[in-house]
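Protein chains in written order, with the working numbering: chain A, 104 to 1191; chain B, 5 to 245.
In structure tokens:
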């Protein structure tokens, strides 16, 4: 009794608790009193609507009576009433937000069903809001999206009703797709989400509705939208001057990728009927007419209406098709597309579009394979679809035809399965030919009789007609060449003369699309198109649905046959690219080379074995030699070269090429450029300047070396230069007594920049610097607390404190990012000056030795004789050596006799040349010389591994231009072009620590130092002897473990004293020995 | 209402971490946080002021779209900022962050500002992920970090606004991640090149920054290249067409 009173009578004043049934009653009263929206009650209404959302959700979670009241009072109808009053965005937005919250948060299924049951929601969906308002649009589309997320087999019936014939059948879907091309990206995404959510509800009748009534209009509009995007993209590429539109282009490319992924997502839902319609539209209206037909510019092929045909540039077409094959995995679609590209020949292309036009002109004048706008806007066709619906006889008719059409397409897909032997395929093709002819005739008569039918009707018949075209085309494609020619001879009397063309010839010249791809592989001016040609071949080869063998163009190794194990034409072209990229000044970008190698390996590696024939293998070896020779020109005993070498190795290992990612980069769509100003990654542009040319040849060397090793199934054992396995890691526990054998322990205090002080022992290994803390548990052992590579250290003495050294250790191989933070930057305080000097000496020398060792390794890799560092030459020696060589090595016949000389001279030059004025120019000459050598050797058939090749080349070049040579060596030499930054200059940036610090030391130290040193020398020797004796028990690991540089004094180490030592101790017994080696040392310190 | 910029955000993270609650909490302050009410929404917009400029934030929750690759992809690309949310009371939501981040980095443009949010800080008693862990993760991946509570509204405002500030700063500074920086450095003329590049990039920044739209109120007298590209930018911001 009381309850019922409060049920109806309550809610006249605002209750205190906002979360209660009473509050909702109050809100109900407010709504019913303010049914007309006005300026004055607007605020109140908005707050009421908001509170309703809040309280309903609270009720859903806490008190079911709240929801009952809402339903009983049919409060949703208030919403509608308010909405219909053109209430302005303020109220609309609140309304939509309330609805969003409602549908998003309601967990109780029954409540949800009740909310949806009385068709109010559908009325709200079809309401025409003010979509020009950004905010209304966003809330509206989010509302639709939220609803779509609630779709399932049960709820679908609230939205889609097959019985209901009066309203739009499926407003949620049809209203949403009208925004598929909305200017706001987020709206488009929401529409796509919604459509996908709808498609995946497994409801047969709903899907039938979508297929019959909406698929054709939606997909044709979508395809047209995508196509226009592509045209815009193409315009962007064409009109781009100096890479100005990179950002716009990036947007367009990303958008195209979005489209492809969306299409793929639909296709992956495996809704057969839908996929058929979608594939048809894609092939007929976009992929074949716009993408594939743009591949070739042969005017004779392109049909009558060539003038108004829309097309994109070949490069763009290749790029887009690669993306299609990389992303889309729907078998029938990619198979057909691959067939069209790889198999269609001149006749088909000629007749394909025009013949169809002839046959169906009266009815489907513009429904051929062509990129043309849809006949009407999506909105209009959707309206028509809903109007025309309801004539069952027509529908049945359409379906019948579709069934027949299905038969034909089944045959098509069977054929492309290609598991049958040739004869079978031919037979089946014949059958399908009959089939299609029958179908075609039937369709023709049927279509003409229905010519005045409703738009929907003609729409579907058009679709059928066009699918005929594809079936027909496919039928041609699946026939063997021989058969095809026969048939062509029968069909067209003009073609009779063509029968004697060999299949080989036909495969290229008669297949314009394939020809276009293969022709693009030539890098005449640049590798612009070649990169994309490689991409599309790679994508075709890697798409699991494409079986290229059956299409007459093999893209996979063939184990079974002995003779044609792989596609030789293609391999020839790929190897040509690889060979080209090894030449200096080559216009092949690194990324092209890498992709070519990747594709090559895909084509010839079969069960981890290479099936490459000897002649091709030899060509690869020749390329390898050439790349080595090219790199030899850049080999210099300078810090920068080693750093570059290791950096590039790291880069290559870190970022192996991923074609999917490469194809996301819009930058490759622009013509290859050399300038780094564009912000394009190094590997995706040409080298600029001497430094980049050096980097490039280093990478080319790595890539081809790896290719060669893979082909021989060998394991890389020379790279990286530092074997990470042999390095000490932080926290390793080391046996210090063992370390004594190759190093010493020097006690020191390390003072970090932040003032932190730690006592450590410094161990200098052959490649590493290690800071050790004695192990408290194990006597004689220590724990590595810090490790750094000797090659990266920088030692500077302290002006004020002779016991101090400032040590900086750079991070290895981080390619010099601008804010490079060193691995370690600290002050080392030693017990006394002598120990300090010893440490410095060892560090300095360690650095030099570590680098020398690596340079020797590189020299070995490059087949440069490794005795190099030992040969000493005065500064101007290279001049002499140049002359000597010309005299001695004239003509290739003298090669064998003077080979040794030449090699030696070569090394000398390599190490000394940077002292010659104008060396950069000399370098260029060398590289040209090698280029000529390279091209001459590229035709070679045997495996080439001759070290002497480059000297030969050089000699011949010297012969030709001895006059020029003298000029080159004169100081008046032409300066290198301004864009080229000679490698030598980089030295200025990297201060050679050795020369630097030692000279400082020289200046500063005086007689006192000399005295000290004398003492040090003697005491050092003493300690050394001591040390060798007591090394086993020196593990007393306490403070007195300090060893001065001494062990190195014995044996070979003796000759390696620093210049500092040497100069100061001229009076010592060693002086003569040192003086002898001084010139070399000087040279080393400066050049290393 | 007019605005100088429109920033589009997305919210990502496992289901049930409170993404939509955070969103509602931020976009509609009228919903007072109450303990017996969990309420959220998938879309919201709100105006804020940074540096005296009106900036509109549009926040799109991406929940429920994980099933489709194309959708996730597009969302990332269209956003200027992302809130990556985990639940401090559920360890597994924290463990999945790496996957989320990888996805975001792969699909988004490099300038997208990502903020890491540890949500449900009100449930300290049931905490499974320490604050320090969140901080460490953020530091490691270069994110801004904050712990919030959609329940008590703690830090919610700050999380969204700080992200907006960072985007705004990026616009002002024209900071750009040039991935070939590496190569420029080794050039002798790097300084000159850098200056030139910075100038060029400043000029183009607006058209590049996705998920940012220039509002109608943006005056053409503003400094730098922003004004120059303003007209173009409004069409660019929404992607294409």
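Quick reminder that beta carbons are idealized off the backbone N, C-alpha and C, glycines included. Only a predicted model underlies this, so the values are computations on that prediction, with no experimental measurement involved.
For residue i, which residues of its own chain have a beta-carbon under 7 Å away from its beta-carbon, when the five flanking residues on both sides are left out?
| i | result |
| --- | --- |
| residue 21 of chain B | 89, 90, 91, 97 and 123 |
| residue 752 of chain A | 805, 822 and 823 |
| residue 295 of chain A | 365 |
| residue 863 of chain A | 851, 853, 874, 875, 876 and 888 |
| residue 389 of chain A | 326, 329, 330 and 474 |
| residue 248 of chain A | 293, 296 and 297 |
| residue 699 of chain A | 637, 677, 680 and 681 |
Among the candidates the options, whose CA atom is the shortest distance from the CA of residue i?
| i | options | result |
| --- | --- | --- |
| residue 757 of chain A | A/675, A/802 and A/145 | A/802 |
| residue 680 of chain A | A/210, A/633, A/198 and A/374 | A/633 |
| residue 433 of chain A | A/905, A/385, A/256 and A/423 | A/385 |
| residue 197 of chain A | A/150, A/210 and A/714 | A/150 |
| residue 146 of chain B | B/105, B/111, B/23 and B/26 | B/105 |
| residue 959 of chain A | A/891, A/750, A/741 and A/862 | A/741 |
| residue 329 of chain A | A/308, A/315, A/305 and A/363 | A/363 |
| residue 871 of chain A | A/901, A/855 and A/914 | A/914 |
| residue 276 of chain A | A/286, A/760, A/299 and A/903 | A/299 |
| residue 332 of chain A | A/353, A/346 and A/314 | A/353 |
| residue 967 of chain A | A/748, A/746, A/732 and A/950 | A/732 |
| residue 808 of chain A | A/337, A/130, A/730 and A/692 | A/730 |
| residue 933 of chain A | A/906, A/697 and A/716 | A/906 |
| residue 259 of chain B | B/139, B/48, B/18 and B/27 | The requested residue 259 of chain B is not part of the displayed model; chain B covers only 5 to 245. |
| residue 350 of chain A | A/245, A/782 and A/901 | A/782 |
| residue 957 of chain A | A/792, A/744 and A/766 | A/744 |
Near residue i, what residues of its chain come up, given a Cβ to Cβ distance below 8 Å and the 5 sequence neighbours on each side ignored?
| i | result |
| --- | --- |
| residue 117 of chain B | 84, 85, 86, 148, 167, 170, 171 and 174 |
| residue 816 of chain A | 711, 712 and 713 |
| residue 150 of chain B | 119, 120, 121, 122, 159, 162, 163 and 166 |
| residue 209 of chain A | 159, 160, 163, 215 and 218 |
| residue 881 of chain A | 836 |
| residue 274 of chain A | 225, 228, 229 and 262 |
For residue i, I'd like the list of residues in its chain whose CB is within less than 6 Å of its CB, leaving aside the five on either flank, ordered along the chain.
| i | result |
| --- | --- |
| residue 644 of chain A | 658 and 705 |
| residue 181 of chain A | 134 |
| residue 477 of chain A | 323, 324 and 327 |
DSSP beta-bridge partners for residue i?
| i | result |
| --- | --- |
| residue 121 of chain B | B/89 and B/150 |
| residue 907 of chain A | A/932 |
| residue 49 of chain B | B/62 |
| residue 897 of chain A | A/911 |
| residue 217 of chain B | B/10 |
| residue 709 of chain A | A/712 |
Identify whether residue i lies in helix, strand or coil by the three-state DSSP scheme.
| i | result |
| --- | --- |
| residue 761 of chain A | coil |
| residue 319 of chain A | helix |
| residue 355 of chain A | helix |
| residue 865 of chain A | strand |
| residue 13 of chain B | strand |
| residue 446 of chain A | helix |
| residue 138 of chain A | coil |
| residue 234 of chain A | coil |
| residue 360 of chain A | helix |
| residue 142 of chain B | helix |
| residue 339 of chain A | helix |
| residue 851 of chain A | strand |
| residue 121 of chain A | coil |
Would you say the beta carbon of residue i comes nearer than 7 Å to a heavy atom of the ligand HEM?
| i | result |
| --- | --- |
| residue 930 of chain A | The ligand HEM is not among the ligands present in this structure, which contains no ligands whatsoever. |
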